[in-house]
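Presented below is the structure to which this report refers.
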Amino acid sequence: MPIGRPRSVVAALPAYRPGKDAAQAEAEHGITDAIKLASNENPLPPLPSVLAAINDAATGLNRYADHRATAVRRRLGDWLGVETQRVAVGCGSVGLLQQLALAYVDPGDEVVYPWRSFEVYPVYTQLAGGVAVTVPLVDGAFDLDAVAAAITNKTKLVFLATPNNPTGRAVSTAELADLLARVPEDVIVVVDEAYREFLDPAFGDPVHDLVPRFPHVVVTRTFSKAHGLAGLRIGYAVGHPEVISTIDKTLFPFAVNALAQAAALAVIEADAEIAARVADILAERARVITELRELGWRVPDQQANFVWFPLGADTDDVYLALEKRGVVTRPFSGEGIRVTIGTSAENDRFLATLTEVRSPTG
Ligand SMILES: *Cc1c(COP(=O)(O)O)cnc(C)c1O
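Letter by letter, the sequence shown follows residues -1 to 360 of the working numbering.
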């Protein structure tokens, strides 16, 4: 007899596989000094001012946190120049993406997204009993005409990660506006901007360019990547007040913990220091791409804090060869590897190790 009877959609789900950490790789291969370039994290620890705020907040941990994260919503509203009712705060932006699926997708409803993209989209679609409608990438980039064409009267949600994880390509707000004008207002279009801070500003700002014009767009962002708070789990969404109050109904009680709320407030105050750290990562990204191109690799435009290598059938071999030498990247079997921009020393190590294990592909 089975132990319990999981829902068929849950039984069919693969287990989530997070990026391997350095210690796991060391144990597995009997090596030391492994580096993790697998999860697009910030390579630096949180700023001292943020650590101090976390420390202060820790003295109140006997109490539940503010469920709605009211202070964070208010501060985000001011910071972004939007009304507080247009802001939701969630347990990481993946928490908000799950809330969106819970709020809008009934069994049999369709969810449209380009693919390959962020791995949680199929999982949340399936958990809600929805039907995934995927739109193939064109050379790693989105085909928004094909996205528009994929929308039917069963579509409830569209997920667009820009810059896209794992291919690093982005779409402009002008292109998104064209799409939104063609999508009926009873379909929610989620613009997942987890990597916004690394994006060339010429692509536009969806919070300013799209949210005031289109009631059916929701922009999600996070403090996990550029702001270096991945371990705390806090992200936010900006959209129409009606959409925000709908997704708020699906917020797990006290999902945004007190330390995360305090850290978010502190890191917003440290805006200039974060911008300086982002500038360093962007300079490293440019250097890594230049060196890869000099080595003979064909690297298309990359707008996030990682570089995508479409290695096709060679993916697993290259990934394993790198990992055995202590460089942990993120493989997508049969498609490619994604390599996070780390510190300058880590990036040097990656470039040297890649050159050792693999000659360039054009
Ligand atoms: C990393 C990532 C996120 C989210 O992260 P949280 O840590 O949950 O905020 C969201 N979307 C994409 C595309 C990502 O790569």
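Glycine included, each C-beta is placed from N, C-alpha and C at the ideal position.
{"Query": "Three CB pairs or more closer than 8 Å across the stretch 238 to 248 and the stretch 261 to 279", "Result": "no"}
{"Query": "Top-ranked residue by Cα proximity to residue 98, from 259, 212, 106, 156", "Result": "156"}
{"Query": "Where residue 250 falls: helix, strand or coil (DSSP)", "Result": "coil"}
{"Query": "Top-ranked residue by Cα proximity to residue 214, from 102, 356, -1", "Result": "102"}
{"Query": "Cut-off 7 Å between Cβ atoms - residues of its own chain near residue 30, not counting five sequence neighbours on either side", "Result": "24"}
{"Query": "Backbone CA spacing between residue 237 and residue 299 [nearest angstrom]", "Result": "29 Å"}
{"Query": "Cβ-based neighbour list, residue 121, same chain, cut-off 8 Å, excluding 5 preceding and 5 following", "Result": "11, 14"}
{"Query": "6 Å Cβ shell around residue 293 - same chain, five flanking residues per side excluded", "Result": "358"}
{"Query": "Assigned exposure category for residue 91 - 16 Cβ within 10 Å defines buried", "Result": "buried"}
{"Query": "In chain order, each alpha helix (DSSP H) run of at least 4 residues that lies wholly inside the stretch 125 to 171", "Result": "142 to 148"}
{"Query": "Local Cβ density within 10 Å of residue 26, reported as buried at 16 or more and exposed below that", "Result": "exposed"}
{"Query": "Span separating the alpha-carbon of residue 296 from that of residue 305", "Result": "11 Å"}
{"Query": "Cα-Cα separation, residue 280 to residue 186", "Result": "32 Å"}
{"Query": "Residue 42 classed as buried or exposed, judged by whether at least 16 other C-beta atoms fall within 10 angstroms", "Result": "exposed"}
{"Query": "Residue 106 burial status per 10 Å Cβ neighbour count (16 or more: buried)", "Result": "exposed"}
{"Query": "For residue 218, the three-state DSSP class (helix, strand or coil)", "Result": "strand"}
{"Query": "Integer Cβ distance of residue 36 from residue 326, believed to fall under 8 Å", "Result": "5 Å"}
{"Query": "Bridge-paired residues (DSSP) for residue 193", "Result": "Paired residue(s): none; residue 193 is not in a bridge."}
{"Query": "Reduced DSSP category for residue 266 - H, G, I as helix; E, B as strand; rest coil", "Result": "helix"}
{"Query": "Heavy atom of ligand 1 within 6 Å of residue 163 beta-carbon", "Result": "yes"}
{"Query": "Assigned secondary structure, residue 86 (DSSP; H/G/I helix, E/B strand, else coil)", "Result": "strand"}
{"Query": "Segment limits, beta strand (DSSP E) that includes residue 335", "Result": "334 to 338"}
{"Query": "The stretch 159 to 166 contacting the stretch 184 to 201, beta-carbon criterion three pairs below 8 Å", "Result": "yes"}
{"Query": "Top-ranked residue by Cα proximity to residue 77, from 234, 266, 165, 311", "Result": "266"}
{"Query": "For residue 33, the three-state DSSP class (helix, strand or coil)", "Result": "strand"}
{"Query": "Rounded C-alpha distance that separates residue 314 from residue 330", "Result": "8 Å"}
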